[in-house]
């Protein structure tokens, strides 16, 4: 329309204007040239399909597309679109069909090979991602940090238990040495002393229970390994097994990444349950110790008031 208006304003012949319009319209995709001039123009317009620098051109075209549309288009998708365009396109003039078509076919083969390689690489990456989904640094860091945290918490619980055991053992020894010998002189302190000793003893019992290890049979069956029901990361499940059986079991686990990570999850869960039991018993021990101190102190005060 713009060309027709411009040429008309310049007094160009109507036949020439018609030819120009036909040439412009002929370059629309899909191309539909109606005369020899349009055919020549269409073939010249897409002559680059047969050029040696075709791939450099379409890469620049892809970047131009991204810049103009502000939308990203992958090389794979762009090459796929280019391949479809290649297959739909044809040259119209005898010269182009003879000289350009063979070179275009060669570029098409290279393009198809490029698409194939990109597709292959994509599938390979997807396969690697699926296989390596358990090997991500985030997952490994999670397991490592969780294990370290649980071990630290277990160590803290053991230290607290040791403190309670030591303190109450000292209390019991001092009480037995000092107060029991004075029962005849001050019989009123017998009951407070017994209360004090009882609470200290109960505290020691719960503190010991929180640190007392659980001994497992130390054996497993091959059926349990195949069903992934044994946690081989815990020594208590294999210390009574022969080395050959243990090596076989570890080999079975290492064959399957899912089983390996499942075992790590089981180990974390087992550590968590043991830790929860420790802290429950430790809490009871501290509560007994706290209330024992309060009740014992009140009973001693009451005993001295009565005297």
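Residue numbers (the working numbering): 1373 to 1679. Don't be surprised by glycine CBs; every beta carbon is placed ideally from N, CA and C.
For residue j and residue i, the rounded distance between their alpha carbons
i: residue 1506; j: residue 1399; result: At residue 1506, the pLDDT of 47 sits below 50, so the modelled position is not reliable; the number obtained from the coordinates is stated separately. Each residue's alpha carbon lies about 54 Å from the other.
i: residue 1527; j: residue 1443; result: 56 Å
i: residue 1437; j: residue 1454; result: 13 Å
i: residue 1519; j: residue 1641; result: 10 Å
i: residue 1580; j: residue 1498; result: 53 Å
i: residue 1514; j: residue 1521; result: 10 Å
i: residue 1428; j: residue 1435; result: 11 Å
i: residue 1483; j: residue 1621; result: 50 Å
i: residue 1675; j: residue 1556; result: 14 Å
Nearest neighbour of residue i, chosen from the options [CA to CA]
i: residue 1447; options: 1440, 1459, 1585, 1432; result: 1432
i: residue 1536; options: 1565, 1571, 1548; result: 1571
i: residue 1409; options: 1429, 1388, 1423; result: 1388
i: residue 1422; options: 1534, 1385, 1553, 1481; result: 1481
i: residue 1578; options: 1612, 1655, 1623, 1567; result: 1655
i: residue 1418; options: 1540, 1473, 1646; result: 1473
i: residue 1402; options: 1478, 1458, 1510, 1613; result: 1458
Exposure of residue i, with buried meaning 16 or more beta-carbon neighbours within 10 Å
i: residue 1644; result: exposed
i: residue 1411; result: buried
i: residue 1460; result: exposed
i: residue 1673; result: exposed
i: residue 1545; result: exposed
i: residue 1563; result: exposed
i: residue 1386; result: exposed
i: residue 1548; result: exposed
i: residue 1664; result: buried
i: residue 1565; result: buried
The ligand FMN heavy atom lying under 8 Å from the CB of residue i
i: residue 1664; result: With respect to small molecules bound, the structure shown includes none, and the ligand FMN cannot be examined in it.
List, from N- to C-terminal side, the alpha helix (DSSP H) runs of 4 residues or more that fit wholly inside the region 1396-1457. Runs of the alpha helix (DSSP H) lying entirely within the region 1396-1457, each at least 4 residues long, are 1408-1417, 1426-1441 in chain order.
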